[in-house]
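Engineer: Below: one structure in structure tokens.
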């Protein structure tokens with residue numbers, strides 16, 4: 001194998017694939033990235049056995065070939081090379097030599113034959129989704145993905161076909177038991193028969209990285225156990241979480257009749273301000289609702305107190321309720337409209353929140369004890 | 001300030017018939033350890049941290065009592081109240097030991113620090129009924145040494161002027177941080193007394209003992225600029241048990257785990273804290289220590305939740321039927337209780353458990369402990 005490639009092209013491809021590679025690995029070859037030169041292109045592959053990414057990039061190939069080298073080391077080297085450098089890669093026996101300007105590195109290789117190939121198997125359900133829609137499905141839900149290992153089936157986004165008043169939709173849901181986020185888009189052609197699937201957190205993060213640079217249609221292929229995402233230059237294949245997502249519809253309250261409407265920006269800034277007083281990781285902010293106003297307050301035993309009054313549209317009975325301010329801000333961050341709507345029941349029951357300008361997104365937030 | 005044989009002193013105060021008997025406080029099982037020996041028992045060679053089996057051999061007629069921490073805490077609190085009256089800068093080291101910073105209190109009380117301390121010692125004896133030893137000096141290192149010089153009912157002062165001379169005559173093992181290994185190393189290098197360290201260059205000590213050398217150089221000269229640290233919040237709370245006989249089977253260990261979780265939970269509730277991380281500690285019959293930690297998704301102070309995590313950590317360690325001599329559970333990474341145990345709408349049954357536990361706590365708080373308890377604890 002012998003090739004030359006522009007530093008920035010190599011760096012971009014490497015930074016996509018290297019994040020799949022775990023920092024610590026018991027199987028040495030999983031720390032490596034597979035480099036393959038063929039058909040006038042350079043293909044980089046990385047996997048953690050649950051998730052695999054193949055990224056193609058143009059290169060000036062003098063001789064085809066393939067090997068594997070430590071992914072993070074290669075990434076660090078290329079990152080530190082000067083901008084605009086031409087990078088030469090050549091494989092001789094057991095080492096890969098990297099030349100750039102006056103720098104020269106030799107990297108120990110492991111044979112590409114040992115590199116695990118993740119087979120996607122049969123993927124019977126195929127459809128495409130515009131990148132902005134995929135972005136919506138991810139951004140509006142991923143903050144609610146649970147990190148609790150014991151309930152592994154919550155460690156991802158549940159993507160499924162939902163039947164609503166306006167027909168079928170493709171719906172994404174994530175929850176950790178304290179909050180829930182739900183968003184839907186029009187059901188793409190070909191998705192109708194798909195099973196409900198749970199896409200793991202790490203896969204969600206990898207996919208999300210590509211969406212910043214990709215505008216077109218994403219090709220999605222899936223089965224009960226695997227999913228594949230096809231971007232212009234990259235293909236991401238992932239296992240799905242093998243579990244049953246809970247029946248989330250029963251936790252979305254129907255009868256909450258106390259309606260609060262408030263400017264999202266003012267609310268968000270005020271919550272952020274008052275929670276400054278507390279040094280704690282999970283700050284609780286108390287909301288005292290009265291006719292046409294709410295009073296926010298945070299009390300920190302060490303530091304003191306903070307309060308702020310806001311005008312709001314509220315005409316139901318006065319009440320108090322406490323929320324984790326981080327959770328509240330996560331939701332408010334996703335509201336695109338000027339106004340956010342909250343439907344409350346009482347200080348111990350879940351509150352439903354909606355984007356004033358977007359009916360397709362819904363959030364449920366459990367109060368804290370105050 | 002150091003209370004003399006504190007646990008034993010409290011017991012003797014509360015039961016005068018023990019006054020002239022050798023008294024040992026500690027676990028009385030074969031694996032028990034002496035936590036305090038009264039001064040009579042000490043004349044037989046019994047000292048704290050000694051295995052109880054050995055203590056019983058040395059002093060067969062000693063009265064052995066299990067520690068009653070609650071009573072010791074009350075006595076400790078009473079002593080603390082008298083100390084607080086002297087200065088706000090009190091740093092407790094344990095129930096029976098504390099540093100007091102008396103800088104500037106002379107003007108306030110109209111008494112020199114030595115007079116204040118003498119009065120404190122006599123007040124403690126009169127009102128609380130236990131004795132203490134006082135060490136007065138110009139820093140923590142020397143004050144601690146002074147308080148150990150004459151015990152019980154000691155009163156020692158190391159003044160600035162006599163610091164160097166006093167230290168020069170002392171053995172190196174007196175220096176805080178010089179344990180057995182360091183002591184051996186110093187002896188091998190021909191250094192037995194602090195006076196020798198005083199003659200050496202700092203650079204030389206640094207070269208020989210790296211960063212510890214710098215500490216040796218300073219402490220040998222009586223230099224210690226550590227401040228009094230008041231009111232540090234606890235970093236961890238734990239409960240552990242050394243078994244009479246090693247236990248290998250999960251079901252039996254689980255029973256102990258539950259009791260420990262109840263104790264841990266009680267301590268957390270008392271401090272109004274929720275633990276973010278649970279650590280399980282096991283010691284095999286061969287004294288190999290195993291610890292397993294995991295973060296709770298929502299910090300908790302509830303016995304039920306701590307137990308659930310404890311079970312998850314314990315189960316895998318019981319697969320190979322390894323006999324364990326010790327089991328313990330520790331909570332760390334605290335948040336205020338209010339931030340923890342957030343209700344989970346996906347698991348309403350757990351919230352019912354939580355409510356039941358809180359109700360039980362209220363009943364027990366009102367009608368005395370253990371009025372209501374879980375079947376598992378019986």
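Residue numbers (UniProt numbering), protein chains in the order written: chain W, 1 to 370; chain C, 1 to 378.
Positions of the beta carbon are idealized from the N, C-alpha and C atoms, including for glycine.
Note that this is a predicted model, so its numbers are computed, not measured.
1) Which residues of chain C have a Cβ atom closer than 7 Å to the Cβ of residue 369 of chain W, listed in chain order?
2) Helix, strand or coil for residue 316 of chain C? Go by DSSP, reduced to three states.
3) Kindly say whether residue 177 of chain W, judged by its beta-carbon, lies nearer than 8 Å to any beta-carbon of chain C.
4) So, with DSSP's three-state summary, where would you put residue 38 of chain C?
5) Which residues in chain W sit within 7 Å of residue 312 of chain C, going by Cβ to Cβ distance?
6) Does the region 216–225 of chain C come within contact of the region 163–175 of chain C, defined as at least 3 CB pairs closer than 8 Å?
7) Answer yes or no: do residue 32 of chain W and residue 70 of chain W have a C-beta to C-beta separation smaller than 8 Å?
8) Which of the three DSSP states is assigned to residue 343 of chain W in this structure?
9) In this structure, how does DSSP classify residue 293 of chain W when only helix, strand and coil are distinguished?
10) Use the C-beta contact count for residue 1 of chain C: other C-beta atoms within 10 angstroms, 16 or more gives buried, fewer gives exposed.
11) Measuring CB atoms only, is the region 45–62 of chain W touching the region 11–26 of chain W, in the sense that at least three cross pairs come out at less than 8 Å?
12) Look at the alpha carbon of residue 106 of chain W and the alpha carbon of residue 1 of chain W, and state the distance between them as a whole number of angstroms.
13) Select from the region 289–320 of chain W all residues with a C-beta closer than 8 Å to any C-beta belonging to chain C, and list them in chain order.
14) Determine whether the Cβ of residue 8 of chain W lies closer than 8 Å to any Cβ atom of chain B.
15) Give the C-beta separation of residue 354 of chain C and residue 302 of chain C to the nearest angstrom, bearing in mind that I take them to be a contact with Cβ-Cβ under 8 Å.
16) Between residue 1 of chain W and chain C, is the shortest Cβ-Cβ distance under 8 Å, so that the two count as touching?
17) How far does the alpha helix (DSSP H) with residue 319 of chain W in it extend, from its first residue to its last?
18) For residue 28 of chain C, report the span of its beta strand (DSSP E) as first-last.
19) According to DSSP, simplified to helix, strand and coil, what is residue 236 of chain W?
20) Going by the DSSP bridge assignment, what does residue 203 of chain W pair with across the sheet?
21) If you follow the beta strand (DSSP E) that residue 293 of chain C is in, where does it begin and where does it stop?
22) I'd like to confirm the pairing. Which residues does DSSP put opposite residue 34 of chain W in its beta bridges?
23) Who are the neighbours of residue 343 of chain C on chain W, taking C-beta pairs under 7 Å?
24) Mind listing, in chain order, the continuous alpha helix (DSSP H) runs of no fewer than 4 residues lying wholly within the region 34–78 of chain C?
25) Could you check if residue 47 of chain C is buried or exposed, using at least 16 other CB atoms within 10 Å of its CB as the buried criterion?
26) Quick one: grab the DSSP three-state call for residue 213 of chain C.
27) In this structure, how does DSSP classify residue 109 of chain W when only helix, strand and coil are distinguished?
28) So, using beta-carbon positions, are residue 340 of chain C and residue 299 of chain C closer together than 8 Å?
29) Would you call the region 173–192 of chain W in contact with the region 142–154 of chain W, where contact means no fewer than 3 C-beta pairs closer than 8 Å?
30) Taking buried to mean at least 16 other C-beta atoms within 10 Å of its own C-beta, is residue 359 of chain C buried or exposed?
31) So if I threshold CB-CB distances at 8 Å, which residues from the region 328–356 of chain W count as touching chain C?
32) Would you say residue 346 of chain C lies against chain W (beta-carbon separation less than 8 Å)?
33) Please name the residues in the region 248–262 of chain W whose beta-carbon is closer than 7 Å to at least one beta-carbon of chain C, in chain order.
34) Please list, in chain order, the chain W residues whose beta carbon lies closer than 9 Å to that of residue 297 of chain C.
35) Closer than 8 Å, CB to CB, is residue 28 of chain W near chain C or not?
36) Are the CB atoms of residue 25 of chain C and residue 75 of chain C nearer to each other than 8 Å?
Structural biologist: Looking at the coordinates:
1) 338
2) helix
3) yes
4) coil
5) 150
6) yes
7) yes
8) strand
9) strand
10) buried
11) yes
12) 14 Å
13) 301
14) Of the protein chains in this structure, namely W and C, none is chain B.
15) 6 Å
16) no
17) Taken as a continuous stretch (DSSP letters only), residue 319 of chain W belongs to no alpha helix (DSSP H), being part of the beta strand (DSSP E) at 319–324.
18) Counting along the chain, residue 28 of chain C falls outside any beta strand (DSSP E), and DSSP gives it neither H nor E.
19) strand
20) Beta-bridge pairing links residue 203 of chain W to no other residue.
21) 289–300
22) W:45, W:68
23) 366
24) 39–42, 52–58
25) exposed
26) helix
27) coil
28) yes
29) yes
30) exposed
31) 348, 350
32) yes
33) 251
34) 146, 147, 148, 149, 150, 151, 176, 177, 178
35) no
36) no
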